[in-house]
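Enquirer: Have a look at this one before I ask anything.
2 protein chains.
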Amino acid sequence: MQTQTENADDIRVAVSTVILTVQRTTSSSAPVLSLPLVRRTREPFYDQWALPGGWLNAHENLEDAAARTLRETTGLAPSYLEQLYAFGAVRRSPTRVISVVYWALVQADAVAETTATLHHQHDQENVAWFSAAQLPALAFDHADIIDYALWRLRNKVGYSRVAHGFLPPEFTLADLRETYESILGKHLDPANFRRQVEASGSLIPTDKFRTGAHRPARLYRHNSTVELADKGPLTPEETKTP
Amino acid sequence: MQTQTENADDIRVAVSTVILTVQRTTSSSAPVLSLPLVRRTREPFYDQWALPGGWLNAHENLEDAAARTLRETTGLAPSYLEQLYAFGAVRRSPTRVISVVYWALVQADAVAETTATLHHQHDQENVAWFSAAQLPALAFDHADIIDYALWRLRNKVGYSRVAHGFLPPEFTLADLRETYESILGKHLDPANFRRQVEASGSLIPTDKFRTGAHRPARLYRHNSTVELADKGPLTPEETKTP
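Written out as structure tokens, the structure reads:
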């Protein structure tokens, strides 16, 4: 019998969060799938960009650590927070670190509202948002982790209502289509998209319309009788975020 | 800034594996979804049943630890091994333990072949197989973990070829239907099942038939052009099992 306990003491646990949103850089441009990164202020990988996160506290649940990271980085509560994967390859870090990675979807409107406030806080000076298609060099195996998160998002968007995590409570069909387009990285035919979405029963039309430069567009909301997210096997204790 | 590093040193990492098979207790009975448990020989939860597993070694990849557990418990290589979830609730164990849980599907024929050998090995004296529907009292949160694994299996069986992980290379449509029935816990109409499976293109008929008490039944094999398992974001290093 090997002394596994001693070995296990050399392993530390971190929690990181891939925070995704779909935002427009200007009001007329197409929305872009984006995520915040944090510039590292210590070794290893000093001065490189990394996923928001840190060491798990001994008295903190995994999901609470992920929600804390999200709050500290963006000032937001998640509209969708799910465990992505535990990354544990031996050589992913100079010391042995198991990173339990969560992914969160947040709404662009909420991001815009908190950005001004956060810029005045010291902690936020090293945070910047990047397009998922144009990421900088990343610390550790964080480029692989983001690739996996994007792959899961693209798969999930096909058979679940995950795209709604990016949208406000009321939105137009064009908003929803452009969100799908930004995730899938391809153009979708507006008429086909409308037919498929209407047939799915996942949307409830409201009596309101958005007016502006184009003809008025009806606002829709989610059919909340359908479950939005797979929350995983969380106990009531674990789902509670402070 | 809190001293997170100190706290993180109080957390240890374990790897456990939910090993599932579909086996008949007698040659004429319906197959039953089953899993092996290990009787604990130390505190906490002394003498109670638990999932096979143990501490992660500092120089061992997560997936290698799961494959090692499977090999030590059953003598088998997995036909399907996938990370299930990282369980980390603060009070799931007297000390703080993050358990990265894998699930493995193995074929009943292989289990039967190795059982006789294993009974002579000291390590296997505390291993027993249980029906997933009739589990004993379990240590830690292992009952919740098994519930989650079974929920995932039932969900997955609907949209992927995961059920094939339980079957030998060639099998009859009745074998496949009874495997689904044991997972889903309900009867499936044989004629409807045949139509759906044949329409899916997931099976390739062979020229062979199984003969016996009933009329000859054609043997099928998987259409291996379809990916069996989501292996997760594993690096080549991590997928290599010694």
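Residue numbers (our numbering), protein chains in the order written: chain A, 68 to 309; chain B, 68 to 309. Glycine residues also receive a C-beta, built at the ideal position from the N, C-alpha and C atoms.
Looking at chain B, which residues of the stretch 128–162 of chain A have a Cβ within less than 8 Å of any of its Cβ atoms?
Expert: Within the stretch 128–162 of chain A, the qualifying residues are Asn128, Leu129, Gln150, Tyr152, Ala153, Phe154, Gly155, Ala156, Val157 and Arg158.
Enquirer: Closer than 8 Å is the cut-off here; do at least three beta carbon pairs connect the stretch 135–143 of chain A with the stretch 158–168 of chain A?
Expert: No, the stretch 135–143 of chain A is not in contact with the stretch 158–168 of chain A.
Enquirer: Quick check on A/Pro203: buried or exposed, where buried means 16 or more other Cβ atoms within 10 Å of its Cβ?
Expert: A/Pro203 is exposed by the Cβ-count criterion.
Enquirer: Would you mind stating whether B/Phe197 and B/Leu104 have Cβ atoms separated by less than 8 Å?
Expert: The answer is yes: Cβ separation under 8 Å.
Enquirer: Just how far apart, CA to CA, sit B/Glu305 and A/Val89?
Expert: Note that B/Glu305 scores a pLDDT of 36, beneath 50, so its modelled location is shaky; the value from the coordinates is reported in the next line. Roughly 32 Å between the two C-alpha positions.
Enquirer: May I ask which residues mark the beginning and end of the beta strand (DSSP E) holding B/Ile250?
Expert: That residue, B/Ile250, is in no beta strand (DSSP E); its alpha helix (DSSP H) goes Leu240 to Leu251.
Enquirer: Ordered along the chain, which non-local residues of its own chain (more than five positions away) have a Cβ less than 6 Å from that of A/Leu240?
Expert: Correct list, in chain order: Arg261.
Enquirer: Starting from the beta carbon of A/His126, find every residue of chain B whose beta carbon is closer than 7 Å, and list them in chain order.
Expert: What A/His126 touches in chain B: Val157.
Enquirer: Report the start-end ranges of each alpha helix (DSSP H) in the stretch 117–179 of chain B that is 4 residues or longer and not cut off at the edges.
Expert: Fully enclosed alpha helix (DSSP H) runs of 4 or longer: 129–141.
Enquirer: Between B/Gly155, B/Ala125, B/Asp176 and B/Val168, which lies nearest to B/Thr92 when the distance is taken from Cα to Cα?
Expert: Measuring from the Cα of B/Thr92, the nearest candidate turns out to be B/Asp176.
Enquirer: Counting only beta-carbon separations shorter than 8 Å, does A/Val293 have a partner in chain B?
Expert: Note that A/Val293 scores 49 on pLDDT, short of 50, meaning its location in the model is unreliable; the coordinates nonetheless yield the value given after this. Answer no: the Cβ-Cβ gap between A/Val293 and chain B never drops below 8 Å.
Enquirer: Let me know the secondary structure DSSP gives A/Ala204 once reduced to three states.
Expert: In the structure shown, A/Ala204 sits in coil (DSSP, three-state: anything other than H, G, I, E or B).
Enquirer: Short of 8 Å in beta carbon distance, which residues of its chain neighbour B/Ala156, apart from the five on each side in sequence? Order them along the chain.
Expert: Closer than 8 Å at Cβ, skipping near neighbours: Asp208.
Enquirer: At least one CB of chain A closer than 8 Å to the CB of B/Val167: is that the case?
Expert: For B/Val167, the answer is yes, since a Cβ of chain A falls inside 8 Å of its Cβ.
Enquirer: Is A/Asn222 near the ligand NAD - that is, is its Cβ less than 7 Å away from at least one heavy atom of it?
Expert: For the structure depicted, the ligand NAD is absent and the ligand set is empty, with no information on it obtainable.
Enquirer: Terminal residues of the continuous alpha helix (DSSP H) containing B/Pro257?
Expert: From DSSP, the alpha helix (DSSP H) with B/Pro257 extends over Pro257 to Ser267.
Enquirer: From what residue to what residue does the beta strand (DSSP E) around B/His289 run?
Expert: Segment Ala284 to His289, the beta strand (DSSP E) holding B/His289.
Enquirer: Quick check on B/Ala230: does DSSP put it in helix, strand or coil?
Expert: In the structure shown, B/Ala230 sits in a helix (DSSP, three-state: H, G or I).
Enquirer: What's the gap between the Cα of B/His231 and the Cα of B/His126?
Expert: Roughly 33 Å between the two C-alpha positions.
Enquirer: If we cut at 8 Å on Cβ distances, does B/Ile78 have a partner in chain A?
Expert: Closer than 8 Å: yes.
Enquirer: Applying the criterion that 16 or more other CB atoms from any shown protein chain within 10 Å of the CB defines a buried residue, is A/Ile78 buried or exposed?
Expert: Classification for A/Ile78: buried.
Enquirer: Mind checking the stretch 111–124 of chain A against chain B and listing, in chain order, the residues whose C-beta falls within less than 7 Å of any C-beta there?
Expert: If the cut-off is 7 Å between Cβ atoms, the stretch 111–124 of chain A has Gly121, Trp122, Leu123 and Asn124 near chain B.
Enquirer: Could you name the residues of the same chain whose beta carbon sits closer than 8 Å to that of B/Arg138, not counting the 5 residues immediately before and after it, in chain order?
Expert: Hits under 8 Å: Ala144.
Enquirer: Going by the beta-carbon positions, is the gap between A/Ala171 and A/Gly120 smaller than 8 Å?
Expert: The answer is no: Cβ separation not under 8 Å.
Enquirer: To the nearest angstrom, how far is it from the Cα of B/Ala266 to the Cα of A/Ile250?
Expert: If I take the Cα positions, the gap works out to 31 Å.
Enquirer: Nearest by alpha-carbon distance to A/Leu148: which of A/Gln174, A/Asp211, A/Val264 and A/Phe276 is it?
Expert: It is A/Gln174 whose Cα lies nearest to the Cα of A/Leu148.
Enquirer: Counting along the chain, where does the beta strand (DSSP E) carrying B/Pro311 start and finish?
Expert: Lying outside 68 to 309, the shown extent of chain B, residue 311 of chain B is not represented and no answer is given.
Enquirer: Measure the C-alpha to C-alpha separation of B/Gln150 and A/Asp131 and round it to an integer number of angstroms.
Expert: Looking at the two C-alpha atoms, the distance is approximately 21 Å.
Enquirer: Who are the Cβ neighbours of A/Ala183 in its own chain at under 6 Å, not counting the five residues just before and after it?
Expert: Because the pLDDT at A/Ala183 is just 49, under 50, the model does not fix this residue reliably, and the point stays unresolved.
Enquirer: Hey, could you find the ends of the beta strand (DSSP E) B/Ser96 is sitting in?
Expert: Premise fails: B/Ser96 is in no beta strand (DSSP E) and is neither H nor E.
Enquirer: Figure out for me which residue from A/Leu217, A/Asp114, A/Asn290 and A/Ala133 has the closest Cα to the Cα of A/Ser101.
Expert: Nearest option by C-alpha distance: A/Leu217.
Enquirer: Is B/Arg107 closer than 8 Å to B/Ala206 when the C-beta atoms are compared?
Expert: Going by C-beta atoms, B/Ala206 is nearer than 8 Å to B/Arg107.
Enquirer: Does the beta carbon of B/Leu100 sit closer than 8 Å to a beta carbon anywhere in chain D?
Expert: As a matter of chain content, chain D is missing from the structure shown, whose protein chains are A and B.
Enquirer: Closer than 6 Å by C-beta to A/Trp122: which residues in its own chain qualify, once you throw out the five before and the five after it? Chain order, please.
Expert: Only Ala81 meet the Cβ criterion.
Enquirer: What residue does the beta strand (DSSP E) around A/Pro272 start on, and which one ends it?
Expert: A/Pro272 -> beta strand (DSSP E) spans Leu270 to Arg277.
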